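Colleague: Under full-length UniProt numbering, the first residue of the sequence shown carries the number 1, and numbering increases by one thereafter.
Every residue gets a Cβ at the ideal spot worked out from N, C-alpha and C, and that includes glycine.
These numbers were taken from a predicted model, which means no experiment stands behind them.
Can you read through this structure? Questions will come right after.
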Amino acid sequence: MNFFMRLVICQLAPLKCDLTEPKTETAFFELYFKAVQTQSKKTLAKPNVRNIVVVEGVRIPFLLSGTSYKDLMPHDLARAALLGLLHRTNVPKDIVDYIIFGTVIQEVKTSNVAREAALGAGFSDKTPAHTVTMACISSNQAMTTAVGLIASGQCDVVVAGGVELMSDVPIRHSRKMRKMMLDLNKAKTIGQRLTLLSKFRLNFLTPELPAVAEFSTSETMGHSADRLAAAFGISRMEQDEYALRSHSLAKKAQDEGHLSDVVPFKVPGPCYDSRSLSKVIGLEEETWFLCSTHTGQCRFNALLSDTCSS
């Protein structure tokens with residue numbers, strides 16, 4: 001997933017997820033705080049509502065899964081971005097009232113990744129932190145929650161963001177295998193253990209992979225996207241052109257040095273193998289030409305279809 005951020009006052013800019021781009025891994029944070037109202041002109045529609053602003057947003061480089069981040073855990077990425085935010089803003093840790101993160105696939109060892117990242121970045125264990133999940137808008141939900149905490153007067157300074165690591169998704173034993181392992185743990189005699197082991201079958205070893213489809217509807221993200229495209233009358237060509245435009249602007253921003261939200265991240269490892277990442281990865285010329293060629297092929301198919309039908 002790719003996230004885009006902008007600095008706004010009193011409102012949040014929506015983060016858009018480009019489904020045509022390859023899966024990436026990164027972490028980013030945005031810092032919210034209460035600003036003192038010094039002008040008579042109101043920036044919010046309702047009176048007596050706290051003026052909430054975004055102070056700063058940073059992230060570490062996006063990477064394809066299975067590459068340089070593959071030996072790390074989600075909280076490692078989140079901690080790196082959080083430290084980058086603190087370094088850039090010089091905000092004291094003790095004035096942060098709350099920390100919230102969004103994530104889609106949770107690491108079982110660090111289910112509350114916000115808490116683990118905060119502790120790893122040196123925040124006090126007295127600073128509350130929690131993690132939310134809501135598919136691809138999990139990080140948006142984290143920011144919305146942050147705004148709510150400030151608007152309600154519960155907090156003045158909140159750090160919100162998101163993290164995702166696709167290099168090490170949780171793969172479980174099958175349900176039958178898990179049940180047997182739990183029963184074996186409860187067995188008190190050798191006879192009970194042998195009885196349980198006699199029921200073992202090879203198909204118990206079949207791994208249980210994370211489902212791509214949504215649990216309740218059995219619908220994948222692609223199916224949902226197709227339904228929305230049909231409902232709003234968005235053609236495939238328009239989607240491809242938008243995707244190409246997205247890549248074009250990202251490449252231009254990278255080439256012109258406008259991606260100021262990216263903070264360098266040194267991947268942990270031996271000194272001879274350490275790598276410092278400071279640019280967005282994934283916009284190589286091969287990717288660029290692939291996107292251009294794909295869109296051109298779609299245009300050719302559309303023209304061919306029109307010619308054959310006329």
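Quick one: using the 10 Å Cβ neighbour count with 16 as the cut-off for buried, is Ser-216 buried or exposed?
Modeller: exposed
Colleague: By alpha-carbon positions, which one of Val-53, Val-157 and Thr-220 ends up nearest to Asp-97?
Modeller: Checking every option, the nearest Cα to that of Asp-97 belongs to Val-157.
Colleague: How far does the beta strand (DSSP E) with Thr-131 in it extend, from its first residue to its last?
Modeller: Segment 129-132, the beta strand (DSSP E) holding Thr-131.
Colleague: Which value, in whole angstroms, describes the spacing of the CA atoms of Pro-74 and Gly-162?
Modeller: 10 Å
Colleague: CA-CA distance, Lys-199 and Lys-188?
Modeller: 17 Å
Colleague: Does DSSP classify Gly-102 as helix, strand or coil?
Modeller: Strand.
Colleague: So does the stretch 114-125 actually touch the stretch 71-85, counting three or more Cβ pairs closer than 8 Å?
Modeller: Three or more Cβ pairs closer than 8 Å define a contact, and the stretch 114-125 meets that threshold against the stretch 71-85.
Colleague: What whole-angstrom Cβ distance do Leu-85 and Lys-93 have, given they're in contact under 8 Å?
Modeller: Actually they are not in contact, since the Cβ atoms of Leu-85 and Lys-93 sit about 11 Å apart, beyond 8 Å.
Colleague: Look at Arg-88 and Asp-261 and say whether their C-beta atoms are less than 7 Å apart.
Modeller: The answer is no: Cβ separation not under 7 Å.
Colleague: Does the beta-carbon of His-223 have 16 or more other beta-carbons within 10 angstroms, so that it is buried, or is it exposed?
Modeller: For His-223, the number of other beta carbons within 10 angstroms of its own is below 16, and it is reported as exposed.
Colleague: Phe-265 to Asn-185, Cα distance in whole Å?
Modeller: Rounded to the nearest whole angstrom, the C-alpha separation of Phe-265 and Asn-185 is 43 Å.
Colleague: Should Pro-207 go down as buried or exposed, given a rule of 16 or more other Cβ atoms within 10 Å for buried?
Modeller: exposed
Colleague: Let me check understanding here. Comparing Cα to Cα, which of Asn-203, Ala-135 and Pro-210 lies closest to Ile-171?
Modeller: Pro-210
Colleague: Using only the alpha-carbon positions, how far apart do Asp-183 and Ser-218 sit?
Modeller: 31 Å
Colleague: Return the chain-ordered list of same chain residues with a C-beta closer than 6 Å to the C-beta of Trp-288, the five sequence neighbours on each side being excluded.
Modeller: In this predicted model, Trp-288 has a pLDDT of only 37, less than 50, meaning its place in the structure is not dependable; the value taken from the coordinates is given anyway. Here the set comprises nothing.
Colleague: Using the beta-carbon count (16 or more within 10 Å), is Met-143 buried or exposed?
Modeller: buried
Colleague: Give the secondary structure of Ala-213 by DSSP, where H, G and I count as helix, E and B as strand, and everything else as coil.
Modeller: DSSP, reduced to helix, strand and coil, places Ala-213 outside both helices and strands of the structure shown, so it counts as coil.
Colleague: Within a Cβ cutoff of 6 Å, which residues of the same chain sit near Val-146, ignoring the five residues on either side of it in sequence?
Modeller: It is Ala, not Val, that sits at residue 146 in the sequence shown. Result list for Ala-146: Tyr-32, Ile-100, Val-158 and Ala-160, in chain order.
Colleague: On the CB-based measure, 16 or more other CB atoms within 10 Å of its CB, does Glu-214 come out buried or exposed?
Modeller: exposed
Colleague: So is Ile-234 buried or exposed if we call it buried at 16+ other beta carbons inside 10 Å?
Modeller: exposed
Colleague: Within a Cβ cutoff of 6 Å, which residues of the same chain sit near Glu-284, ignoring the five residues on either side of it in sequence?
Modeller: Low confidence applies to Glu-284: its pLDDT is 49, below 50, so where it sits in the model is not reliable, and the reading given next is rough at best. So the list is empty, once near-sequence residues are dropped.
Colleague: CB-CB under 7 Å to Val-132, same chain, minus the five flanking residues each way: which ones, in chain order?
Modeller: Ile-100, Gly-102, Ser-138, Gln-141, Ala-142 and Thr-145
Colleague: Whole angstroms are fine: how far does the CA of Asp-168 sit from the CA of Thr-195?
Modeller: 35 Å
Colleague: What is the rounded straight-line gap between the Cα of Met-134 and the Cα of Ala-151?
Modeller: 22 Å
Colleague: Give me the Cα-Cα distance between Glu-164 and Arg-50, rounded to the nearest whole angstrom.
Modeller: 31 Å
Colleague: From Phe-205 to His-173, what does the alpha carbon distance come to, in whole angstroms?
Modeller: Checking the sequence shown, residue 205 turns out to be Leu, not Phe. So the alpha carbons of these two residues sit roughly 7 Å apart.
Colleague: Can you tell me the Cα-Cα spacing of His-130 and Lys-176, whole angstroms?
Modeller: Separation of His-130 and Lys-176 (C-alpha to C-alpha, rounded to the nearest whole angstrom) is 32 Å.
Colleague: Using the Cα positions of Lys-34 and Ile-52, report the straight-line distance between them to the nearest angstrom.
Modeller: Its pLDDT being 44, under 50, Lys-34 is placed unreliably by the model, and the measurement read from it follows with that caveat. Rounded to the nearest angstrom, the two C-alpha atoms are 5 Å apart.
Colleague: Taking the alpha-carbon of Glu-178 as reference, which of Arg-201, Ile-190, Gly-191 and Gln-192 has the nearest alpha-carbon?
Modeller: According to the sequence displayed, residue 178 carries Arg and not Glu. Considering only alpha carbons, the answer is Arg-201.
Colleague: Where does Leu-72 sit, in a helix, a strand or coil, going by DSSP?
Modeller: coil
Colleague: State the DSSP-derived secondary structure class of Gln-39, mapped to helix, strand or coil.
Modeller: For Gln-39, the predicted structure reports a pLDDT of 46, less than 50, and the residue's modelled location is therefore unreliable. The matter cannot be settled from this model.
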